[in-house]
Each structure stands twice: as C-alpha cells, then as structure tokens.
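Enquirer: I'd like to ask some things about the structure below.
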Amino acid sequence: EDQVTQSPEALRLQEGESSSLNCSYTVSGLRGLFWYRQDPGKGPEFLFTLYSAGEEKEKERLKATLTKKESFLHITAPKPEDSATYLCAVHRGQKVTFGIGTKLQVIP
Amino acid sequence: GAVVSQHPSWVICKSGTSVKIECRSLDFQATTMFWYRQFPKQSLMLMATSNEGSKATYEQGVEKDKFLINHASLTLSTLTVTSAHPEDSSFYICSARPQPGVDSPLHFGNGTRLTVT
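Those sequence lines, one after another, are chains E and S. Numbered according to the numbering used here, the first sequence spans residues 3 to 110. Numbered according to the numbering used here, the second sequence spans residues 77 to 193.
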C-alpha cells in the first residue's frame, strides 16, 4: 500500500529563518511526487512536480528536491505570507496518496 | 492558470436534508473530476472519481447512495449529500487535471465546508 509520511506535523519559524519540510514515501512505480500549499478553509494549490531522483524545482523562496525515498521542501528566508499547510502527494497511475501535511507558521 | 470553481463555499443544513455541491472547470474541459473529503489533521481522502457521461467510481467504504455524483457535462460535476447527518459534516473538495495524463498535477476547488445540525 502506498504511504506518504510528512514531518514535522507543525513548524514555527521566525521570519527569515530557513528550514526544510520532509516527505517520505513508499510507493511502487512512482509516477510523480507533488507539493501543494493549502491555506485555511481553501483547496490545495499546486506548487511543484518532481518525477525522478535528483530533480529539483524552485519557486520564489521554495525549493523542492527528490530522492528515491523522500522529498524535501526547502524554505529560504520565509515570510509571514508563507504560512500555510504544505501537502505532499504521490501519483501512481490514477491513484493519488496525500500526506497529512506540515503546518507552517512564520512569525514576523 | 487553470481554474476549478466550487460552490457553495460553506453550507449549514439540518439533519435529514440533502445538499448539492457544484464543481466547475472554468477554462478547460474535464472528462474526469475527483471528490475528496478532508477531516481536521487528516490527509485528503478520495471519495469518488466522477466520469463525464458515465457512472462515478466510488472508493471502498464510501456509500454511493448517500453521496450521489453527477457529471453531466465536460465542465460540471455535482456531489449531492443525501439525508445528511452530523457525521457527514466535513470539508469537501473537488479537483481535476487541466493537462492530459495521470501524471499531471491536480487543480483543486476552494472546497465546501458542510455543517449538519
């Protein structure tokens, strides 16, 4: 059975304090690993897709990386507007498995 | 970017009544849409896959008679929660893939917060 484990469950950072979120996965035949951002009371918003180990994607203060067993979402010099829950998901065919997310709070 | 619109954003209903939630793809056609349910501090759980012009595919444990799905056009899928009970209170989110291929990302609506009293 596909499994996605995200850590930590919650993270509190001072503005400007860089950190990383982890997504560990167990899936046979990975077709893609996806990162989404979810604001309270909203649907998830797509951030990145990673397809193969060693791949990296960047968007503003966010950088996602992928290995054969896990993915990291690095946040450099975060701002309060980066506060959200970050979800990781793996695709295997039509099946998509989500982690429970990391709730990030960035304090001014 | 591709937009998925969901309506209403929140609804309060009395126990025993039915509630309809609409999901529209605004700038692309979606032959398939997905309905998710999210409980606090839990991951998104797929409830059913909605297929245009055919029956929906429900995940194990999801009552198809309680959660009626209709996908009558390439841009609209509806989820009707029939005879709602307080345990049906949850956050319901629809999604679709604007780009072809099962490896492409999902785009989500903004969700519907259902409260059954």
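By construction, the Cβ of each residue, glycine as well, lies at the ideal position given by its N, Cα and C atoms.
1) For residue 116/S, count neighbouring C-beta atoms within 10 Å of its own C-beta (all shown protein chains included) and say buried if the count is 16 or more, exposed if not.
2) For residue 90/E, which option in 39/E, 16/E, 45/E has the closest C-alpha, if you only look at C-alpha atoms?
3) Which residues in chain S have a C-beta closer than 7 angstroms to the C-beta of residue 46/E? List them in chain order.
4) Leaving aside the five residues before and after residue 143/S along the sequence, list all residues of the same chain whose C-beta is less than 7 angstroms from its C-beta, in chain order.
5) When you compare each of 102/E, 33/E, 103/E, 88/E to residue 64/E by their alpha carbons, which one comes out closest?
6) Measuring alpha carbon to alpha carbon, tell me which residue in 149/S, 148/S, 132/S, 78/S is nearest residue 141/S.
7) Closest by CA to residue 89/S, which one among 176/S, 160/S, 181/S?
8) When the Cβ atoms of the segment 54-62 of chain E are set against those of the segment 96-112 of chain S, are three or more pairs found closer than 8 angstroms?
9) Could you tell me the alpha carbon to alpha carbon distance between residue 66/E and residue 48/E, rounded to whole angstroms?
10) Are the segment 161-180 of chain S and the segment 18-25 of chain E touching by the rule of at least three beta carbon pairs closer than 8 angstroms?
11) Would you mind sorting residue 93/S into buried or exposed? The rule is 16 or more other CB atoms within 10 Å of its CB.
12) Is the Cβ of residue 31/E closer than 7 angstroms to any Cβ of chain S?
13) Starting from the Cα of residue 84/S, find the closest Cα among 95/S, 138/S, 91/S and give me that residue.
14) Does the beta carbon of residue 178/S come closer than 7 angstroms to any beta carbon on chain E?
15) So which residues on chain S does residue 96/E lean against when the C-beta distance must stay under 8 angstroms?
Expert: The answer reads as follows:
1) So residue 116/S counts as exposed.
2) 39/E
3) 184
4) Excluding sequence neighbours, residue 143/S sits near 123, 124, 155, 157.
5) Among 102/E, 33/E, 103/E, 88/E, the Cα nearest to that of residue 64/E is on 88/E.
6) 132/S
7) It is 160/S whose Cα lies nearest to the Cα of residue 89/S.
8) no
9) 13 angstroms
10) no
11) exposed
12) no
13) 95/S
14) yes
15) 125, 178
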